[in-house]
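Worksheet for the structure shown next.
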Amino acid sequence: MLIKIAFRNILRNRRRSAITLLVIVFGAVGLILFGGYKAHTFYSLRESTIRTRLGHLQIFAKGYSTSESQKPMAYALDDVASLRRQVERDPRVKMTAAEVTLMGLVSNGEKSETFIGTAVEPEKDRVMKSQRMLSGSELSNNEPDSAILGAGLAKSMHVKAGDYVTLMTTTVTGSLNAMDVRVAGIFTIGVKEFDDRAIKMPIAGAQMLLQTKKVEKLLVFLNNTDDTAAVRESLSRSLHGVEFKDWSELATFYHQVVALYNGIFGFLGLIVFAIVIFSVANTIMMSVFERTREIGTLMAIGTTRARLWRMFLAEGFSIGLIGCVLGLASGVALAILINHGNVMLPPPPGYTRGYPLEIMLSASVLVPAAVIAIVTATLSSIAPAFRASRLKIVDALGHI
Amino acid sequence: MTALVKLTDVSKTYRLGDVRVRALGGIDLTIDKGDFIALAGPSGSGKTTLLNLIGCIDKPDSGRIVIDSVDVTAVPLHRLASLRRDTLGFIFQTFNLIPVLTAYENVEYPLLLSGVPRRERSERVHRWLAQVGLADQEKQRPDQLSGGQRQRVAIARAMVVNPKLVLADEPTANLDSDTAGHILDLLAELNTKTGVTFVFSTHDASVIERAERVVRLRDGHITNIEVTRERVA
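If you read the protein sequences in the order shown, they are chains A and B. Counting the first sequence from 1 gives a position; the working numbering is that position plus 47. Counting the second sequence from 1 gives a position; the working numbering is that position plus 20.
Below you can see the structure in the form of structure tokens.
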């Protein structure tokens with residue numbers, strides 16, 4: 048009966064209820080679109096960070112994490128082949144990739160620039176699709192004395208695919224070493240600061256330059272990101288003399304973006320929350336004023352304060368429920384429309400490429416939007432319910 | 021005769037701005053079971069205030085009110101909801117039906133409050149709608165009914181809980197004389213048939229003459245209690 052009365056009272060003043068519902072629907076649609084955009088952004092950023100750069104796990108020689116800044120290769124992995132065999136035994140592991148980072152100078156004979164280099168296994172690097180080639184070709188196992196240059200660095204050095212440059216760095220023993228490499232291609236990863244300094248080369252070439260047979264780390268890629276903690280736990284039990292870092296410990300940028308977006312969307316959520324609260328509370332409060340005599344009658348014939356509370360909470364809940372259903376339907380429809388519209392967003396700060404606007408429609412987006420719509424509308428009816436339950440029966444019956 | 025309601029030295033004062041208005045002063049009144057009483061007097065004489073105090077929807081400033089052996093004077097009004105629900109029935113001048121409910125649902129509502137099972141509710145609601153002559157109007161909402169029909173629904177709502185006392189505040193004031201006559205006939209018939217006590221306020225002479233006892237009020241005091249006709253056994 049409570050819900051029946053609530054629904055009928057909502058239909059009593061249709062125009063006012065329609066406006067209130069519109070506010071809830073807008074709120075729910077906003078939460079779905081913003082939430083879906085945020086979820087898709089987080090997911091895409093996380094997966095691209097993992098799949099193109101970090102791997103789900105990185106394995107180092109023990110002691111690396113405390114001393115890497117002083118001597119990068121002093122705590123390197125000796126027998127990466129054996130380590131790789133053990134790791135790849137786990138069916139949750141998709142692949143492993145060895146990697147060495149190095150820094151030094153790159154010279155074209157006329158000009159020198161500092162570079163940050165990443166030495167990779169070329170066939171694995173192609174799977175990772177870390178970069179987009181602008182010209183030339185990807186790295187090859189058959190040509191260890193080759194490199195690909197970031198677009199900004201190549202431009203600064205006035206080199207193109209097929210040219211030669213000299214790389215200089217300190218070896219693992221601390222002496223200087225230099226090596227001529229052919230520029231196989233020019234690439235970009237979309238981050239200007241990185242493109243201005245980046246060089247990639249085959250790991251064999253880097254080992255020649257650094258005069259070592261070791262590798263710095265082994266990246267582990269999983270089939271499913273959700274397995275990261277379990278695989279780390281399992282590997283740390285079976286492997287000895289190594290230490291691990293997972294993607295979350297390494298993905299500083301990802302966490303900065305998450306914190307920033309959560310802050311922005313949290314603020315937007317608060318605004319939506321406040322608008323819905325005030326709108327629904329206003330509607331129900333108006334209803335209480337209009338129905339004062341009716342409330343007096345209900346109390347006179349034996350309705351308790353608790354029941355009056357339930358009656359007005361049911362009204363708020365019912366408005367929230369209707370708004371939630373309409374909001375979910377509108378939000379999902381709009382999200383599908385946007386996802387099929389191929390809308391491109393401008394490049395984020397520090398990036399050179401834009402990206403498509405995608406709204407992720409998942410339970411983690413829809414359920415909070417639905418719950419917030421219903422809970423907010425129900426909470427909005429607390430003040431009117433309180434007022435109604437505190438009315439003096441005689442005054443209420445005499446209300447005109 | 022057994023006393024159903026006993027008021028002893030009951031007074032009530034209202035505050036209108038800075039002025040205190042004495043609505044009732046030193047009222048002593050006993051209402052017996054089965055009474056059919058009119059509270060008569062001009063506007064401002066204290067009829068409605070007295071009805072509100074007996075109906076437990078307002079509190080006296082002093083004095084004592086006992087209803088069905090329960091001293092209600094010291095109990096907060098919101099704790100008297102169950103007494104109002106199970107012992108009292110209310111009929112208002114402006115009918116005061118719930119506009120979003122049908123005639124059936126309006127009559128059913130007090131039974132829902134009392135937790136009466138669905139089957140029994142249905143039986144009682146149908147019986148009382150038939151009793152007041154609205155068996156065919158059960159699906160109508162108040163705005164689809166005439167004034168007389170609305171008051172009949174209100175009477176059915178008051179009677180459906182099998183109350184011991186029905187309080188009616190100017191029950192015929194908003195009705196034409198023919199309809200008012202029918203409503204009074206109905207109330208008298210219910211009083212006779214069910215033995216339920218009726219107390220109604222009025223200043224209409226044609227209504228007063230239907231009462232068994234008339235309590236005349238002026239300026240918040242009882243000036244006279246007269247027996248106008250003997251109760252039909």
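Backbone N, C-alpha and C define an ideal beta-carbon position, used for all residues, glycine too. Quick caveat, the model's predicted, so the values are computed rather than measured.
Under the DSSP assignment, B:Val219 falls outside any alpha helix (DSSP H), being part of the beta strand (DSSP E) whose first and last residues are Thr217 to Thr222. Under the Cβ criterion of 8 Å, A:Thr344 is counted among the residues facing chain B. The C-beta distance from A:Asn309 to A:Gln258 rounds to 46 Å, too long to meet the 8 Å contact threshold. Taking the C-beta atoms as reference points, B:Ser226 is found no nearer than 8 Å to B:Leu59. Within the stretch 287-303 of chain A, contact with chain B at the beta-carbon level (separation under 7 Å) is assigned to no residue. For A:Met48, the three-state secondary structure derived from DSSP is coil. Interface annotation, B:Leu237: not in contact with chain A, CB-CB separation never under 8 Å.
Around the beta carbon of A:Asn271, fewer than 16 other beta carbons sit within 10 angstroms, so the residue counts as exposed. Following the DSSP letters along the chain, one finds A:Asp227 inside the beta strand (DSSP E) bounded by residues Leu223 to Thr235. Nearest in C-alpha terms to A:Met120, of all of A:Val441, A:Leu269 and A:Thr218, is A:Thr218. Judged by pairs of C-beta atoms under 8 Å, the stretch 92-110 of chain A touches the stretch 286-305 of chain A, as three or more such pairs exist. B:Pro191 is outside the set of residues whose beta carbon lies under 8 Å from a beta carbon in chain A.
Three or more pairs of CB atoms, one per stretch, sit closer than 8 Å, so the stretch 191-209 of chain B contacts the stretch 170-178 of chain B. Sequence-distant partners of A:Leu104 (beyond 5 residues in either direction) whose C-beta falls short of 6 Å from its own C-beta, in its chain, are Val267, Arg279, Phe291 and Asp293.
Interface annotation for the stretch 310-341 of chain A against chain B: Arg340 and Glu341, criterion Cβ-Cβ distance under 8 Å. The continuous stretches of alpha helix (DSSP H) do not include B:Lys32, which lies in the beta strand (DSSP E) extending over residues Ala23 to Leu36. A:Val441: member of the alpha helix (DSSP H) spanning Ile440 to Leu444, first to last residue.
Around the CB of B:Asn244, fewer than 16 other CB atoms lie within 10 Å, so the residue is classed as exposed. Under the DSSP assignment, B:Gln171 falls in the alpha helix (DSSP H) whose first and last residues are Gly167 to Met179.
With a cutoff of 8 Å on beta-carbon distance, B:Gly45 and B:Ser65 are scored as not near each other. Per the coordinates, the alpha-carbon of B:His241 lies some 14 Å from the alpha-carbon of B:Leu71. Near chain B, meaning a CB-to-CB distance below 7 Å, the residues of the stretch 50-82 of chain A are Ile52, Arg55, Asn56 and Arg59.
A contact between stretches requires three or more CB pairs, one per stretch, nearer than 8 Å, and the stretch 426-443 of chain A meets this requirement with the stretch 360-378 of chain A. Exclusion of the five residues before and after A:Ser114 leaves Ala121 and Tyr122 as the residues of its chain whose Cβ lies within less than 8 Å of its Cβ. Interface residue (Cβ-Cβ distance to chain B less than 8 Å): A:Ile369 is not classified as such. Within the DSSP secondary-structure output, A:Thr216 pairs in a beta bridge with A:Asn224. Taking a beta-carbon distance threshold of 8 Å, A:Gly363 does not count as an interface residue toward chain B. If you ignore the 5 residues before and after A:Met180, its C-beta comes within less than 6 Å of the C-beta of Gly232 and Phe234, all in its own chain and listed in chain order. When rounded, the separation of the alpha-carbon atoms in A:Ile50 and A:Met358 is 8 Å. Residues of chain A with a Cβ closer than 7 Å to the Cβ of B:Pro183 do not exist, since the nearest Cβ in that chain sits about 10 Å away. According to DSSP, residue pairing for B:Thr50 in a beta bridge involves B:Lys26. Per DSSP, A:Ser334 is not a residue of any beta strand (DSSP E); the alpha helix (DSSP H) it occupies stretches across Thr299 to Glu337. Each of A:Ser377, A:Gly316, A:Ser154 and A:Val418 was checked against the Cα of A:Thr216, and the nearest Cα belongs to A:Ser154.
Interface annotation for the stretch 112-130 of chain B against chain A: Phe112, Thr114, Asn116, Leu117, Ile118, Pro119, Val120, Leu121, Glu125, Glu128, Tyr129 and Pro130, criterion Cβ-Cβ distance under 9 Å.
Each residue's CA atom was taken as its position, placing A:Gly401 and A:Leu392 some 5 Å apart.
At a C-beta separation below 9 Å, A:Met391 has no neighbours in chain B, since its nearest C-beta there lies roughly 51 Å away.
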